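Take the sequence shown: its letter number 437 is residue 612 in my numbering, and every next letter is one higher.
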Amino acid sequence: MQQKIINTQDLAFQLFELHDVEQTLGYERYAEHNRETLQAALDLSLKVAAEEFAPHARLVDEEEPTFENGRVNMRPEVKKALDVLRDTGLMAAGQDYERGGMQLPAAVAQMCVGMLKGANVGTQGYAGLTIAAANLIMTQGIEHQQKKYAEPMMAGRFFGTMCLTEPHSGSSLGDLCTRAEPQDDGSYRLFGNKIFISAGDHELSDNIIHMVLARLPDAPAGVKGISLFIVPKILVNDDGSLGERNDVALAGLIHKMGYRGTTSTMLNFGEKDGAVGYLVGEPNNGLAAMFHMMNEARIGVGLGAVMLGYTGYLHALDYARDRKQGRPVGEKDPNSPQVPLIRHTDIRRMLLIQKAYVEGGLALCLQGAMLVDEKKHAETEDQRQLAAGLLDLLTPVIKSWPSQFCLEANSLAIQVHGGYGYTREYPVEQFYRDNRLNPIHEGTHGIQGIDLLGRKISMAGGRFYQELMDRIETTIGEARDIERLAPCADRLGRAVKSMAAATDAINAEKASGNLEKALANASLYLEAFGHTVVGWLWLRQAIKAMAGLQGNSEQPAEFYEGKVKACEYFARYELPKVVSLAELVGAVDTTVLGMQDGEF
Numbered sequence: 176m177q178q179k180i181i182n183t184q185d186l187a188f189q190l191f192e193l194h195d196v197e198q199t200l201g202y203e204r205y206a207e208h209n210r211e212t213l214q215a216a217l218d219l220s221l222k223v224a225a226e227e228f229a230p231h232a233r234l235v236d237e238e239e240p241t242f243e244n245g246r247v248n249m250r251p252e253v254k255k256a257l258d259v260l261r262d263t264g265l266m267a268a269g270q271d272y273e274r275g276g277m278q279l280p281a282a283v284a285q286m287c288v289g290m291l292k293g294a295n296v297g298t299q300g301y302a303g304l305t306i307a308a309a310n311l312i313m314t315q316g317i318e319h320q321q322k323k324y325a326e327p328m329m330a331g332r333f334f335g336t337m338c339l340t341e342p343h344s345g346s347s348l349g350d351l352c353t354r355a356e357p358q359d360d361g362s363y364r365l366f367g368n369k370i371f372i373s374a375g376d377h378e379l380s381d382n383i384i385h386m387v388l389a390r391l392p393d394a395p396a397g398v399k400g401i402s403l404f405i406v407p408k409i410l411v412n413d414d415g416s417l418g419e420r421n422d423v424a425l426a427g428l429i430h431k432m433g434y435r436g437t438t439s440t441m442l443n444f445g446e447k448d449g450a451v452g453y454l455v456g457e458p459n460n461g462l463a464a465m466f467h468m469m470n471e472a473r474i475g476v477g478l479g480a481v482m483l484g485y486t487g488y489l490h491a492l493d494y495a496r497d498r499k500q501g502r503p504v505g506e507k508d509p510n511s512p513q514v515p516l517i518r519h520t521d522i523r524r525m526l527l528i529q530k531a532y533v534e535g536g537l538a539l540c541l542q543g544a545m546l547v548d549e550k551k552h553a554e555t556e557d558q559r560q561l562a563a564g565l566l567d568l569l570t571p572v573i574k575s576w577p578s579q580f581c582l583e584a585n586s587l588a589i590q591v592h593g594g595y596g597y598t599r600e601y602p603v604e605q606f607y608r609d610n611r612l613n614p615i616h617e618g619t620h621g622i623q624g625i626d627l628l629g630r631k632i633s634m635a636g637g638r639f640y641q642e643l644m645d646r647i648e649t650t651i652g653e654a655r656d657i658e659r660l661a662p663c664a665d666r667l668g669r670a671v672k673s674m675a676a677a678t679d680a681i682n683a684e685k686a687s688g689n690l691e692k693a694l695a696n697a698s699l700y701l702e703a704f705g706h707t708v709v710g711w712l713w714l715r716q717a718i719k720a721m722a723g724l725q726g727n728s729e730q731p732a733e734f735y736e737g738k739v740k741a742c743e744y745f746a747r748y749e750l751p752k753v754v755s756l757a758e759l760v761g762a763v764d765t766t767v768l769g770m771q772d773g774e775f
């Protein structure tokens, strides 16, 4: 454990025992790697996180970026840390060797990023958005665009953003108004305003490449009329050199509750002759293209939520072990020595909840990362399609479940600290503030719930939903053969059965055409679905831990025992919530839907 960023025993267990990341080394792309090279990348990331990112996390919170004379000013430590990230190759750890990356399996690359998030999410945000934007260009752009924009981004010379939200429309992208006018040379001129653009302006790189959603003339209304454009802050010449400043203006900075190290900007496109932009992909297909970046960002949000919850848990655990206060129940002698907080049952309860949420959330994010590689590199087309479908199904869960429950872990970390947790003397209050953004950006819980219940569970006639349930049932069957885990398996089985009934009821309601009624409790369905999936992952962890307790183990016995007990906690205390939520959803309850404006 280093700098209280992550428990390295848990990281090794999850990567190499639970998810068996070494199986990905059978893919040609990763053939040059072995466990030692994967571990070396993780060790390097943890070192950079601890030495370059963590030390200024509080500074960028207290001295957030300022807007002066049309420029952004920020702490110099931010650029220094990002320069180290670039120079070590961690900026693009998952990218190809020839593009300066380490060509790491997705799960390992995600954890290299994750440790940076846990150390200093504000500074990491610039790199994360850049790589996501570069991946978008690599996937959707033509070769010329890839070379001119994406490659300098992956090298860390240019940074990137995504520009979706507008002041009047918020999450309702179908209402965006930014327009793009075609020019004789094949470029476009963009006019409009964007808001809440993370990393939208700064002096950290030679250039900023904005990925902007806008409408072409005579485009269809709604989301079917949105196109995607590359809009550089500074125009790039054909030889790669920088030209003149584009017509993109910083209108101001937004001051946030947390995540203060990453600039949040208002940008004006086309205050003069129009911002020069270049179409990416097909006209009017921009939202589908942008969702390549959005889905990647949503998985990143989930992992960021996990890591903020995880570091908060480790800080609370450390505090509970060191802080002496009170005496055990039943100790009547006031002169007896005080005991560490961790001796008190309620403190252990709060720590166990945190452990269950953050280690369960980490397993969920790594499950998604494993599917990323399977989607790209599995042997057969059917295997690749199945992995792609499962990843689509799980993406709203990966984004939202950690954002809800690892935030709750941060709240409990404050509670463990007591009054001190509510002060800035300890970092747990900042972790909470930083994490509070994650249930909001890249699609709120409500949006993710509607996506899951309204679309994802029904994809391909429900094939991917059923495949996931079948995999959960397989794990339940394995656990029932282990005496200690049989009760946990039974509780998960009841949750699966409850979710099946709720899903059938909602599908019937959707078939009747009453979509608003069917989706009225979509966020509750998302919560219950997420708990079921995390319960499955905890049961898998417990099966591996029981094997570890029986010999040939990589970790100490007490580590594996802790895993089993955390699984037992989740099964006994958390999974019963699935049954009650599923019953409510399955009843197609309209209590909330029936409330009228004047009745509040």
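Quick reminder that beta carbons are idealized off the backbone N, C-alpha and C, glycines included.
On a predicted model such as this, the values are computed, not experimentally measured, just so you know.
Exercise. List the endpoints of the continuous alpha helix (DSSP H) containing asparagine 682.
Key: Position 507 of the sequence shown, counted from the first residue, corresponds to residue 682. Where asparagine 682 is concerned, the enclosing alpha helix (DSSP H) stretches over 661-686.
Practice problem: Could you tell me how far apart the beta carbons of phenylalanine 745 and glycine 535 are, in whole angstroms, since I believe they sit closer than 8 Å? | Solution: For the purposes of this step, residue 745 is taken as the residue at position 570 of the sequence shown. For the purposes of this step, residue 535 is taken as the residue at position 360 of the sequence shown. Indeed, because the Cβ distance is near 7 Å, the residues count as touching under 8 Å.
Quiz prompt | valine 533: first and last residue of the uninterrupted alpha helix (DSSP H) it sits in | solution = Numbered from 1 along the sequence shown, position 358 holds the residue referred to as residue 533. 520-552 is the span of the alpha helix (DSSP H), which, as asked, contains valine 533.
Quiz prompt | Residue closest to proline 577, alpha-carbon to alpha-carbon, out of Ala762, Leu539, Asp626 | solution = Start at 1 with the first residue of the sequence shown, and residue 577 comes out as number 402. Answer by Cα proximity: Leu539.
Quiz prompt | Segment limits, alpha helix (DSSP H) that includes cysteine 742 | solution = Your numbering for residue 742 matches position 567 in the sequence shown. Element bounds for cysteine 742: 732-744.
Practice problem: Return the residue from the list Ile474, Arg261, Leu489 that minimises the CA-CA distance to serine 220. | Solution: For the purposes of this step, residue 220 is taken as the residue at position 45 of the sequence shown. Cα-wise, what sits closest to serine 220 is Arg261.
Quiz item: Roughly how many angstroms lie between the CA atoms of phenylalanine 606 and threonine 486, to the nearest whole one?
Solution: Locating residue 606 in the sequence shown gives position 431, where the first residue counts as 1. Locating residue 486 in the sequence shown gives position 311, where the first residue counts as 1. Roughly 8 Å between the two C-alpha positions.
Quiz item: Who are tyrosine 363's beta bridge partners in DSSP?
Solution: Mapped onto the sequence shown, residue 363 falls at position 188. Bridge partners of tyrosine 363: Pro357, Gly452.
Quiz item: Would alanine 562 pass as a contact of glutamate 549 if the rule is Cβ separation under 8 Å?
Solution: Here residue 562 corresponds to residue number 387 of the sequence shown, with the count starting at 1. Here residue 549 corresponds to residue number 374 of the sequence shown, with the count starting at 1. In contact: alanine 562 and glutamate 549 (Cβ atoms closer than 8 Å).
Quiz item: So the alpha helix (DSSP H) glycine 652 belongs to, where does it begin and stop?
Solution: Looking up residue 652 in the sequence shown gives position 477. Residues 638-655.
Quiz prompt | C-alpha gap between glutamate 207 and alanine 664, whole angstroms | solution = Along the sequence shown, read from residue 1 onward, the residue named residue 207 stands at position 32. Along the sequence shown, read from residue 1 onward, the residue named residue 664 stands at position 489. Those two C-alpha atoms are separated by around 39 Å.
Self-check item: Straight-line Cα distance separating asparagine 470 from serine 575
Solution: Position 400 of the sequence shown, counting from 1, holds the residue named residue 575. Position 295 of the sequence shown, counting from 1, holds the residue named residue 470. If I take the Cα positions, the gap works out to 12 Å.
Quiz item: What residues match up with valine 253 in a beta bridge as DSSP calls it?
Solution: To locate residue 253, count along the sequence shown from 1; it is residue 78. The partner list for valine 253 (beta bridge, DSSP) is empty, contrary to what the question assumes.
Self-check item: Runs of beta strand (DSSP E) wholly within the stretch 304-348 (minimum 3 residues, chain order)
Solution: 333-338
Exercise. Can you give me the Cβ contacts of lysine 399 inside the same chain, cut-off strictly under 7 Å, excluding the 5 residues immediately before and after it?
Key: Start at 1 with the first residue of the sequence shown, and residue 399 comes out as number 224. Correct list, in chain order: Asn459.
Quiz item: Are glycine 245 and leucine 425 close, meaning C-beta to C-beta below 8 Å?
Solution: Working through the sequence shown from its first residue, we reach residue 245 at position 70. Working through the sequence shown from its first residue, we reach residue 425 at position 250. The answer is yes: Cβ separation under 8 Å.
Self-check item: Among Gly564, Cys338, Gln299, the one whose alpha carbon lies nearest that of leucine 478
Solution: As a working note, residue 478 is residue 303 in the sequence shown. For the residues Gly564, Cys338, Gln299, the minimum Cα distance to leucine 478 belongs to Gln299.
Quiz item: CA-CA distance, alanine 693 and isoleucine 622?
Solution: The residue you call residue 693 lines up with position 518 of the sequence shown. The residue you call residue 622 lines up with position 447 of the sequence shown. Cα to Cα, the separation comes out at about 14 Å.
Exercise. Kindly indicate the opening and closing residues of the beta strand (DSSP E) around leucine 442.
Key: As a working note, residue 442 is residue 267 in the sequence shown. 439-444 is the extent of the beta strand (DSSP E) around leucine 442.
Quiz item: Taking the alpha-carbon positions, what's the valine 763 to valine 753 distance?
Solution: Residue numbering aside, residue 763 sits at position 588 when the sequence shown is read from its first letter. Residue numbering aside, residue 753 sits at position 578 when the sequence shown is read from its first letter. Between valine 763 and valine 753, the C-alpha separation is close to 15 Å.
Quiz item: How should asparagine 438 be labelled, buried or exposed, when 16 other C-beta atoms within 10 angstroms of its C-beta is the threshold for buried?
Solution: The sequence position of residue 438 within the sequence shown is 263, counting from 1. The amino acid at residue 438 is misidentified as asparagine; the sequence shows threonine. So threonine 438 ends up on the buried side.
Practice problem: In the DSSP assignment, find the unbroken beta strand (DSSP E) run with leucine 389 in it and report its ends. | Solution: For this step, residue 389 is matched to residue 214 along the sequence shown. The sequence as given places alanine at residue 389; leucine does not occur at that position. First-last of the beta strand (DSSP E) with alanine 389: 382-389.
Quiz item: Are three or more beta carbon pairs between the stretch 369-389 and the stretch 271-283 nearer than 8 Å?
Solution: no
Quiz item: If you follow the beta strand (DSSP E) that asparagine 248 is part of, which residue opens it and which one closes it?
Solution: Stepping through the sequence shown from its first residue, residue 248 is reached at position 73. Run containing asparagine 248: 246-248, per the beta strand (DSSP E) assignment.
Quiz item: Hey, glycine 269 and isoleucine 181 are a contact pair by Cβ (cut 8 Å); roughly how many whole angstroms apart?
Solution: Taking the first residue of the sequence shown as position 1, residue 269 is located at position 94. Taking the first residue of the sequence shown as position 1, residue 181 is located at position 6. Glycine 269 to isoleucine 181, Cβ: 19 Å. No contact.
Practice problem: Starting from the C-beta of tryptophan 711, find all residues in its chain whose C-beta is less than 7 Å away, skip the five residues before and the five after it, and write them out in chain order. | Solution: Position 536 of the sequence shown holds residue 711. Excluding residues within five positions, the ones whose Cβ falls inside 7 Å are Ile647, Thr650, Leu667.
Quiz item: What is the DSSP secondary structure of lysine 399, counted as helix, strand or coil?
Solution: Numbered from 1 along the sequence shown, position 224 holds the residue referred to as residue 399. Lysine 399 falls in the helix class under three-state DSSP.
Practice problem: Indicate whether the contact test is met: 3 or more Cβ pairs, each with one atom in the stretch 354-361 and one in the stretch 299-318, closer than 8 Å. | Solution: no
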